[in-house]
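> Could you have a look at this structure, given as C-alpha cells, before my questions?
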Amino acid sequence: MCLDRLAPPLYLFVVAVLDTQRHLQFAERVVKNQQRVYRYIVSLVPNRADAEDLFQQTCLTLWEQWDRYDPALDFVPWACGIAHNHVRNFYRKRQNSQLHLAPDVIVSLSTESMKMERGSDERIDAIENCLQRMTPRNREVLESYYAGRSVAEIAGRSATPNAIYKQLDRIRTALHQCVTARLAGEGPQ
C-alpha cells in the first residue's frame, strides 16, 4: 500500500502510528543500554560533567541517525561508536588544554572499555545462572542478607547467627566457584 494514496486523515494517522512506533523502539534501546553507553564515555572522559554533556550529545545524535540504525545489529557498539566520535571531537576542541589525550590513546581506551563491557555482561550472565542453580533455601538466605536483613533476623528460630554466617560463607564460596567455572567454559550451560 502506498501511503501517499491514502486519504489525508488516514495518511496522517498512519504516519503518526509509524512515528510513535519509531519513538518507542528508540526509547527502548536507549533506556535498556544507557548505563553501558554512559560508562563507556566515563571511561574516556574523567570529568563527570563533561561525560554527562557528551552522553546527552550522543543521545541526540542517536536520535538524529536512528533511521540509519540496523535493528539486526547490536545497539551498544553502534551507540558507543557515535559516543567515540563525540569524545574525539571533545578532545580535539580542547587540544590546547591539559585534558588532551592523543587519538591513539583514545582508541586504546575505547577498545579496552568495550572488552571490559563484554566481560561484564558475561559475568552478569554467569552470576544469574549460578544463582538460579542454588537451592531455594540458600538463595533465600543470600537474598535476605543482601536486602539488608541482619544475620539474627535471617536465623530467626531455626538457626543461630553463627550458623547463618557459616552458611553465607559456603554460599559465597560455591557462587564464586560456579561463576569462575562458567567464565572458564567449564560449568554447566
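The sequence shown begins at 6 in our numbering and counts up one residue at a time. Cβ atoms here follow ideal geometry from the backbone N, Cα and C, with glycine treated the same way.
#1: Can you name, in chain order, every residue of its own chain whose Cβ lies under 6 Å from the Cβ of L104, other than the five neighbours on each side?
#2: Less than 8 Å between the C-beta atoms of P141 and V156, yes or no?
#3: Quick check: L188 and A131, are their CB atoms within less than 8 Å of each other?
#4: Roughly how many angstroms lie between the CA atoms of L23 and R73, to the nearest whole one?
#5: On a Cα-Cα basis, can you pick out the residue from T185, E127, C64, A168 that is closest to Q39?
#6: Would you decide whether Y96 is buried or exposed? Buried here means 16 or more other CB atoms lie within 10 Å of its CB.
#7: With C-beta atoms as the reference, is V92 less than 8 Å away from L59?
#8: So, under 8 Å CB-CB, R99 and V184 are touching, yes? Tell me the CB distance rounded to an integer number of Å.
#9: Sorted by chain position, which residues of the same chain lie with C-beta nearer than 6 Å to Q62's C-beta, five sequence neighbours on each side aside?
#10: From D9 to T25, what does the alpha carbon distance come to, in whole angstroms?
#11: Are the beta-carbon atoms of V42 and V81 separated by less than 8 Å?
#12: In terms of residue numbering, what span does the alpha helix (DSSP H) encompassing W83 cover?
#13: Would you mind working out which of A88, N143, A54, E33 sits nearest P76, comparing C-alpha positions?
#14: Can A152 and A160 be called in contact, C-beta distance under 8 Å?
#15: Exposed or buried, which one is H181 when buried takes at least 16 other CB atoms within 10 Å?
Once the coordinates are examined:
#1: Residue mapping note: residue 104 aligns to position 99 of the sequence shown, counting from 1. Summary for L104: the model assigns pLDDT 47, below 50, so the residue's position carries little reliability; its value from the coordinates is reported in the next sentence. For L104, where only same-chain residues beyond five positions count, there are no Cβ hits under 6 Å.
#2: Numbered from its first residue, the sequence shown carries residue 141 at position 136. Numbered from its first residue, the sequence shown carries residue 156 at position 151. No.
#3: In the sequence shown, the residue the question calls residue 188 occupies position 183. In the sequence shown, the residue the question calls residue 131 occupies position 126. Cβ distance < 8 Å, so L188 and A131 count as in contact.
#4: Against the sequence shown, residue 23 aligns to sequence position 18. Against the sequence shown, residue 73 aligns to sequence position 68. Only weak support is given to the placement of L23: the predicted model assigns it a pLDDT of 49, under 50, and the value that follows is read from those uncertain coordinates. Cα-Cα distance, rounded: 16 Å.
#5: The residue given as residue 39 occupies position 34 in the sequence shown. Comparing Cα positions, the closest option is C64.
#6: For this step, residue 96 is matched to residue 91 along the sequence shown. Burial call: buried.
#7: Your numbering for residue 92 matches position 87 in the sequence shown. Your numbering for residue 59 matches position 54 in the sequence shown. It is a contact, given that the beta carbons lie within the stated cut-off.
#8: As a first step, residue 99 must be located in the sequence shown, where it is residue number 94. As a first step, residue 184 must be located in the sequence shown, where it is residue number 179. Beta-carbon to beta-carbon, R99 and V184 are separated by about 41 Å, too far to satisfy the 8 Å threshold.
#9: One-based indexing of the sequence shown puts residue 62 at position 57. Contacts found: H91.
#10: As a working note, residue 9 is residue 4 in the sequence shown. As a working note, residue 25 is residue 20 in the sequence shown. Residue placement at D9 is poorly supported in this model, since its pLDDT is 46, which falls under 50; the coordinates still yield a value, given next. Cα-Cα distance, rounded: 19 Å.
#11: Reading the sequence shown from its first residue, position 37 is the one you call residue 42. Reading the sequence shown from its first residue, position 76 is the one you call residue 81. Cβ atoms of V42 and V81: closer than 8 Å.
#12: Position 78 of the sequence shown, counted from the start, is the residue given in the question as residue 83. It spans 80–98 - the alpha helix (DSSP H) in which W83 sits, taken as one unbroken run.
#13: Taking the first residue of the sequence shown as position 1, residue 76 is located at position 71. Of the candidates A88, N143, A54, E33, E33 places its Cα closest to the Cα of P76.
#14: Residue 152 sits at position 147 when you count from the first residue of the sequence shown. Residue 160 sits at position 155 when you count from the first residue of the sequence shown. In this structure, A152 keeps its C-beta atom at 8 Å or more from the C-beta atom of A160.
#15: What you label residue 181 is simply residue 176 of the sequence shown in a count that begins at 1. Sixteen is the threshold: since fewer than 16 other Cβ atoms of the shown chains lie within 10 Å of the Cβ of H181, the residue is exposed.
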